[in-house]
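There are 2 protein chains.
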Amino acid sequence: MPKIFDDSNTSTDAPSQTLSRGIRVLEILADARVPLTIDAITAELGVHRSVAYRFIRTLEQHGLVERDAGGRIRLGARLAALASGVAHDLQAEALPELTAAANELGMTCFLVVLDHEECVTLASVEPRHAVATVAQRPGTRHPVTVGAPGKAILTQLSPGAWPVGTDAALAAEVHMAALRGWAESQNEVIPSLHAVAVPLALRGRRPAAIAAVYLPTDREVASVAERLIASATAVRSALDG
Amino acid sequence: MPKIFDDSNTSTDAPSQTLSRGIRVLEILADARVPLTIDAITAELGVHRSVAYRFIRTLEQHGLVERDAGGRIRLGARLAALASGVAHDLQAEALPELTAAANELGMTCFLVVLDHEECVTLASVEPRHAVATVAQRPGTRHPVTVGAPGKAILTQLSPGAWPVGTDAALAAEVHMAALRGWAESQNEVIPSLHAVAVPLALRGRRPAAIAAVYLPTDREVASVAERLIASATAVRSALDG
DNA sequence: AACGACGCGTTCGATAATAGAACACCCGTC
DNA sequence: GACGGGTGTTCTATTATCGAACGCGTCGTT
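Top line first, the protein sequences correspond to chains A and B.
Yeah, the first sequence ends on 241 if you go by our numbering, and it's all consecutive.
Yeah, the second sequence ends on 1241 if you go by our numbering, and it's all consecutive.
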């Protein structure tokens, strides 16, 4: 079971210990993907049970965690409400564009932003006959060095800011992507699926990308990229205009 | 500008003051819907600036907030990653069903759960020719006493657990919805839109509902409800079976 | 230019919030 | 009935936190 969140913050002590531990409760719960007992959280946190108990009651008051019938802890629905505020203007502008692009292309289209060397999918829209339904759900994360969206995002970063695992082959791909304005990938993030991504650079915002996934086909890749570029341009003019 | 989050927790002092304040930073940011300065957050929190500063640095380390070019604070992308863990098994089971229902009905279908007297939309899928694109985005909240999903959810609660604002008319509607297995609403949550919702009761989980919105039409409402019931049954058997 | 208003980041001591031990309880089950 | 695993509460020493004070840069304005 791979860890979703990196909890190796023993070296870098957070400015606020209590807040950091409380957030780690949320990370542990998201990581577990199944309701946990207080004792399990206690063990994972490495603190006394009464401490974890106090955290959980506080998180409960804010609706960020809930308890199921057996008293186990799970993430609360209001966390989803909080997350809807993440780049909500970007999402508001991008969603109609994603929908239009997805329907015109017949492909799942999604919006990706950079988050500390990782790509996070903020929104995704599926076309009618969806084949990769569960593939890119909002909140999905994967390294920025993998996949078309990652390359499209890397074109917006100076090579010095690239993550350490960036090899020459990837650098070449990013370079080409920067020149022609779009990136592609095959079987990288999702096996047997291809992807096209275009960069979406916005003022005062983390690098982003708009992407589409599709089954290997004889579709003209460049035309897909053109369609995505149109959407990206529309979004950019709406937000930065 | 209506407040999204109720920050009237001056009476109910949270068990962990620090954690509660840190979470309120997130709520304030989600409420503002625009990047804030540290001073603005400080004023809203009612604490000293050095305190808010410490919170923000901690939140920043966890990726829950980011800073734009001007140093202003906004919610971070990793918050979306956290939120994807909310009822992720329910979402995983419901999304394909929502997609199928949305395409077959030609309506936007979405999944709603109860959160402390409010409905929270966890996932929504739009059909090809979407008309209410921006209407029901994940994370949207509205009172449980309004709209078809709310009624479908109220059928799963004992009347004693209903919120205070529940009048007789609503009670009658909920009663009928409980009898026939689905609820409907007109122009309640979204003006000029109708909605149908069916309850989705799951073991050890908050009451939920599957719903569809559509423009006023001569479509047979009962047939829409039947389709939603089929999806709800499929989800229920997958999770509780 | 000088000024004030506004913003950020840091240091530091007193204090209050926290940490963790200990205790009481409930519920299965062996 | 004892046991193990779980929860919730109370209490005190300690420690993390709080908030005042300070320094600094950057705007606009007079």
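Even glycine gets a Cβ: it sits at the ideal position worked out from N, Cα and C.
All values reported here derive from a predicted model rather than from experimental measurement.
Three-state class that DSSP yields for THR1140 of chain B in the structure shown: coil
Within 8 Å of chain A by C-beta, residues of the stretch 1153-1182 of chain B in sequence order: none
Within-8 Å CB hit, PHE1110 of chain B to chain A: no
Below-8 Å beta-carbon distance, GLU126 of chain A vs any chain B residue: yes
Residue ranges of each alpha helix (DSSP H) within the stretch 1046-1124 of chain B, 4 or longer: 1049-1061, 1077-1083 and 1088-1105
Classification of ASP1115 of chain B by the beta-carbon crowding that lies within 10 angstroms, buried from 16 upward: buried
Proximity of LEU1098 of chain B and ALA1123 of chain B at Cβ, strictly below 8 Å: yes
Cross-chain neighbours of HIS48 of chain A in chain B, by beta carbon under 9 Å: Those within 9 Å of HIS48 of chain A in chain B number zero; the least Cβ separation is about 13 Å.
Exposed unless 16 or more other CB atoms sit within 10 angstroms - verdict on ASP1071 of chain B: Position check: residue 1071 of chain B holds Gly in this sequence, whereas Asp was assumed. Exposed: under 16 other Cβ atoms inside 10 Å.
Straight-line gap, ALA1208 of chain B to LEU193 of chain A (C-alpha atoms, nearest Å): 33 Å
ILE1041 of chain B: contacting residues in chain A (beta-carbon distance under 9 Å): Neighbours of ILE1041 of chain B on chain A: none; closest Cβ ~14 Å, over 9 Å.
Spatially closest choice to LYS106 of chain A from A:ALA212, A:GLY241 and A:THR233, by CA coordinates: Correcting the residue type first, residue 106 of chain A is Gly in the shown sequence and not Lys. Ranking A:ALA212, A:GLY241 and A:THR233 by Cα distance to GLY106 of chain A puts A:ALA212 first.
Residue nearest to LEU228 of chain A in terms of C-alpha spacing, selected from A:VAL146, A:CYS119, A:ASP240 and A:PHE110: A:PHE110
Supposed close pair SER139 of chain A, ALA1230 of chain B - CB separation, criterion 8 Å: The question names Ser, but residue 139 of chain A is Gly in the sequence shown. The Cβ separation is near 28 Å, so there is no contact.
C-alpha distance - ALA94 of chain A paired with ALA197 of chain A, whole-angstrom precision: 14 Å
Cβ contact (3+ pairs, closer than 8 Å) linking the stretch 44-59 of chain A and the stretch 1050-1066 of chain B: no
VAL125 of chain A and CYS119 of chain A closer than 8 Å at C-beta: no
Distance between THR1233 of chain B and GLY1160 of chain B (C-alpha atoms, nearest Å): 27 Å
Any chain A beta carbon closer than 8 Å to ILE1038 of chain B: no
Cα-Cα separation, LEU1154 of chain B to ASP39 of chain A: 33 Å
Beta-ladder partner(s) of VAL164 of chain A, from DSSP: According to DSSP, which records beta bridges pairwise, VAL164 of chain A is partnered with nothing at all.
Exposed unless 16 or more other CB atoms sit within 10 angstroms - verdict on HIS62 of chain A: buried
Touch test, the stretch 1015-1030 of chain B against the stretch 15-25 of chain A, Cβ-Cβ under 8 Å, three pairs minimum: yes
Sequence-distant residues of its chain with Cβ nearer than 6 Å to VAL1235 of chain B (five each side left out): GLU1093, ALA1094 and GLU1097
Rounded separation between LYS1151 of chain B and ALA1171 of chain B - CA only: 9 Å
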